[in-house]
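Colleague: For the sequence shown, our numbering gives the first residue as 9, with consecutive numbering after it. Using N, Cα and C, we set each Cβ at its ideal position, and we do this for glycine too. Here the structure is a predicted model, which means the values were calculated and not measured. What follows is a structure written as structure tokens; I'll ask about it next.
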Amino acid sequence: MTQASPLQHDCPALGQGRAIRLAEGARPEITFYIDGTAAVAQAGDTVLTAILMSRRAVRHAEFGPEERAGFCLMGACQDCWIWTEEGHRLRACSTPIRAGMRLCLAPPDLWPAGMKANLP
Ligand code: FES
9 MTQASPLQHD CPALGQGRAI RLAEGARPEI TFYIDGTAAV AQAGDTVLTA ILMSRRAVRH
69 AEFGPEERAG FCLMGACQDC WIWTEEGHRL RACSTPIRAG MRLCLAPPDL WPAGMKANLP
């Protein structure tokens with residue numbers, strides 16, 4: 009069973025996400041997963057775009073209660089790091105979304121990948 013992420017909000021005026029698709033709406037749809045919940049993106053989207061179409065943010069700040077949604081959108085600011093369910097970290101703004109991707113908006117228990125497996 010999954011719980012709704014605190015990073016998911018309703019925004020009746022704009023829909024649920026921070027991003028609004030204004031063009032290229034005819035690309036094929038693909039399904040991926042955010043914290044275990046199915047979501048839809050379009051082939052060719054970045055992971056950041058795919059997430060922000062249905063969410064207001066991609067993660068919480070490390071040092072405060074603020075939410076983060078990426079900043080530079082070009083791989084420079086490090087504001088969009090998220091994780092795969094397998095524990096690998098990825099930069100959402102420079103990673104293409106793939107069908108079936110399973111993403112976590114908070115570090116999974118096994119992050120950094122393999123660290124706990126190596127503990128005595
Ligand atoms: S938004 Fe700046 S590195 Fe991804």
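Hey, would you say the C-beta of arginine 99 is under 7 Å away from at least one heavy atom of the ligand FES?
Modeller: Yes - the ligand FES has a heavy atom lying nearer than 7 Å to the Cβ of arginine 99.
Colleague: Helix or strand or just coil, what does DSSP make of valine 66?
Modeller: DSSP places valine 66 in coil when its eight states are reduced to three.
Colleague: Should isoleucine 105 and isoleucine 42 be called a contact, given that it needs their Cβ atoms to be closer than 8 Å?
Modeller: No. Outside cutoff.
Colleague: Indicate whether the contact test is met: 3 or more Cβ pairs, each with one atom in the stretch 70-83 and one in the stretch 108-118, closer than 8 Å.
Modeller: Contact between the stretch 70-83 and the stretch 108-118 is absent, because fewer than three Cβ pairs lie under 8 Å.
Colleague: What three-state label does DSSP hand isoleucine 38 in the structure shown?
Modeller: Correct three-state label for isoleucine 38: strand.
Colleague: Buried or exposed, going by whether 16 or more other CB atoms sit within 10 Å of the CB of isoleucine 28?
Modeller: With fewer than 16 Cβ atoms within 10 Å of its Cβ, isoleucine 28 is classed as exposed.
Colleague: Would you call alanine 49 buried or exposed, if buried means 16 or more other Cβ atoms sit within 10 Å of its Cβ?
Modeller: Burial call: buried.
Colleague: Compute the beta-carbon to beta-carbon distance between leucine 60 and glycine 95, rounded to the nearest angstrom, for a pair I have assumed lies under 8 Å.
Modeller: About 23 Å separates the two Cβ atoms, so there is no contact after all.
Colleague: Taking the continuous beta strand (DSSP E) assigned at cysteine 45, which residues delimit it?
Modeller: According to the sequence provided, residue 45 is threonine. The question's cysteine does not apply to it. Start and end: 45-50.
Colleague: For the putative contact between leucine 81 and leucine 98, defined by C-beta atoms under 8 Å, what is the C-beta separation to the nearest angstrom?
Modeller: Their Cβ separation, rounded to whole angstroms, is 15 Å, which puts leucine 81 and leucine 98 out of contact at 8 Å.
Colleague: Helix, strand or coil: how does DSSP classify alanine 12 here?
Modeller: Because the pLDDT at alanine 12 is just 47, under 50, the model does not fix this residue reliably, and the value given afterwards should be weighed accordingly. Three-state result, alanine 12: coil.
Colleague: Within this structure, are the beta carbons of alanine 58 and phenylalanine 40 separated by less than 8 Å?
Modeller: Contact flag set, yes.
Colleague: Among residues of its own chain, excluding the 5 on either side of phenylalanine 79, which ones have a beta-carbon nearer than 6 Å to its beta-carbon?
Modeller: Taken in chain order, the residues that qualify are Cys85, Asp87.
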